[in-house]
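Engineer:
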Amino acid sequence: MSKRDSGGLGCLVVSAVLFAIWGIVQVEPELPDVPDVPGEQLVAISIAILGAISFFGICFILLKYQKKRKRRKRIEQLNQQVEETAGRIAQCARNNFTAKACSRCYESEVEMVRISPSARSILLKCRNCGKEQWAKAATENAAKILNDDAHLGGLLVRLGQLYEENVTASIVFPVVEVREDIKRERLPEGVRNEIWRRDGGRCVQCGSQKDLEFDHIIPVSEGGANTARNLQLLCEACNRSKGAKI
Numbered sequence: 059m060s061k062r063d064s065g066g067l068g069c070l071v072v073s074a075v076l077f078a079i080w081g082i083v084q085v086e087p088e089l090p091d092v093p094d095v096p097g098e099q100l101v102a103i104s105i106a107i108l109g110a111i112s113f114f115g116i117c118f119i120l121l122k123y124q125k126k127r128k129r130r131k132r133i134e135q136l137n138q139q140v141e142e143t144a145g146r147i148a149q150c151a152r153n154n155f156t157a158k159a160c161s162r163c164y165e166s167e168v169e170m171v172r173i174s175p176s177a178r179s180i181l182l183k184c185r186n187c188g189k190e191q192w193a194k195a196a197t198e199n200a201a202k203i204l205n206d207d208a209h210l211g212g213l214l215v216r217l218g219q220l221y222e223e224n225v226t227a228s229i230v231f232p233v234v235e236v237r238e239d240i241k242r243e244r245l246p247e248g249v250r251n252e253i254w255r256r257d258g259g260r261c262v263q264c265g266s267q268k269d270l271e272f273d274h275i276i277p278v279s280e281g282g283a284n285t286a287r288n289l290q291l292l293c294e295a296c297n298r299s300k301g302a303k304i
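The letter at position 150 of the sequence shown is residue 208 when you use the working numbering, and the numbering goes up by one with no holes.
(1) Measure the beta-carbon distance from LEU245 to ASN137 and round it to whole angstroms, keeping in mind my assumption that it falls under 8 Å.
(2) Nearest CA to the CA of GLU252: which residue from ILE103, CYS150 and THR285?
(3) Flag this pair as touching only if the segment 188-198 and the segment 159-173 have three or more C-beta atom pairs under 8 Å; answer yes or no.
(4) Is the beta carbon of GLN139 less than 9 Å from the beta carbon of LEU213?
(5) When DSSP labels each residue in this structure, what does GLN267 get in the three-state scheme?
(6) For the pair the segment 165-172 and the segment 217-234, tell me if three or more CB-CB distances fall below 8 Å.
(7) Since GLU169 sits in a beta bridge, which residues does DSSP pair it with?
(8) In whole angstroms, what separates the C-alpha of GLU134 from that of GLU223?
(9) On the three-state DSSP scale, how would you describe LEU214?
(10) Between LEU220 and the rest of its own chain, which residues show a CB-CB distance below 8 Å, the 5 nearest in sequence each way excluded?
(11) Residues in the same chain with beta-carbon distance under 7 Å from VAL225, minus the five sequence neighbours each way, listed in chain order, please.
(12) So, for LEU181: in the same chain, excluding its five sequence neighbours on each side, which residues have a beta-carbon less than 7 Å away from its beta-carbon?
(13) Write down the C-beta distance between ILE229 and ALA157 rounded to the nearest angstrom, noting that I regard them as a contact closer than 8 Å.
(14) If CYS296 sits next to GLN263, beta carbons under 8 Å apart, how far is it from one beta carbon to the other, in whole angstroms?
(15) Please report how far the alpha carbon of GLU88 lies from the alpha carbon of LEU121, in whole angstroms.
(16) If you drop the 5 nearest sequence neighbours on each side, which residues of the same chain put their C-beta closer than 7 Å to that of LYS202?
(17) Taking the alpha carbon of GLU247 as the reference point, which residue from PHE272, ARG260, PHE114 and ILE103 has its own alpha carbon closest?
(18) Please report how far the alpha carbon of LEU289 lies from the alpha carbon of GLY258, in whole angstroms.
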């Protein structure tokens, strides 16, 4: 039996008792079993009993109302916390993961499906066509999404207990391209010397000996390794013009 049903049953019982007492008062002059009790006294006793039952009935109703009021207030507080936490997750996903517009319909609004165990990537689904894509972590702050996700899960459990059913939350946001800024591993000294000797201490494109930089032929963002075969010397100008192109 649910709480709502038990409350309704309680009201019915109280009503039945009150109705029975009212009937006793109405037929009091015809009662053969209480000849020694004056009619006025019997009426007074009945009224006192009726008043006591009414008092406890009113207290019961007030307690039920107060309980429901606290429940509604708690639900409002949890819903607000869920909305705020979901917003933080969406902001973190938008600012720290390399999501792109849908490659099928080119829409940019996505819904977050799940987070990888170490927060190195998140699975996103296009809100328009349903196509899914994995977006990898682009900054060192990406892992913070796990804390907010765990907090959101706890809030949904508590909210589900109040609603007496499972509750979920959608994380929806428009994607923006995030530039990857995770610190790269420093090149070993031996690899740096090998590249310098091989390229003769000059830019391999223009031959300049000024402002030289070690450039990845296949960018790290595309899976390029820190090996001599994948590295070359470029001056700053040639390196900037190359960008992330292979």
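Note that CB positions come from ideal geometry on N, CA and C, so glycine has one too.
Computed from a predicted structure; not experimentally measured.
Structural biologist: According to the structure shown:
(1) LEU245 to ASN137, Cβ: 51 Å. No contact.
(2) When each option's Cα is compared against that of GLU252, the closest is THR285.
(3) Contact holds between the segment 188-198 and the segment 159-173, because three or more Cβ pairs, one in each stretch, are under 8 Å apart.
(4) Yes, the pair counts as a contact, with Cβ atoms nearer than the cut-off.
(5) Here GLN267 sits in coil by DSSP.
(6) Three or more Cβ pairs drawn from the segment 165-172 and the segment 217-234 lie within less than 8 Å of each other, which places the two stretches in contact.
(7) The partner list for GLU169 (beta bridge, DSSP) reads LYS183 and VAL230.
(8) Taking the Cα positions, GLU134 is about 16 Å away from GLU223.
(9) The answer is helix: DSSP assigns LEU214 an H, G or I state.
(10) These residues qualify, in order along the chain: ARG129, ARG132, ILE133 and LEU136.
(11) Cβ neighbours of VAL225 beyond the five flanking positions: LEU214, LEU217 and GLY218.
(12) Exclusion of the five residues before and after LEU181 leaves VAL171, ARG172, GLU190 and TRP192 as the residues of its chain whose Cβ lies within less than 7 Å of its Cβ.
(13) With 8 Å as the limit, ILE229 and ALA157 do not qualify as a contact, their Cβ atoms being about 12 Å apart.
(14) Taking 8 Å as the upper bound for CB-CB distance, CYS296 and GLN263 are in contact here, some 4 Å apart.
(15) For GLU88, the predicted structure reports a pLDDT of 48, less than 50, and the residue's modelled location is therefore unreliable. A value from the coordinates is still provided. Take the alpha-carbon of GLU88 and the one of LEU121: they are about 39 Å apart.
(16) If we look at LYS202 and ignore the five residues flanking it on each side, its Cβ neighbours are CYS150.
(17) The candidate whose alpha carbon is nearest that of GLU247 is PHE272.
(18) Cα to Cα, LEU289 sits roughly 14 Å from GLY258.
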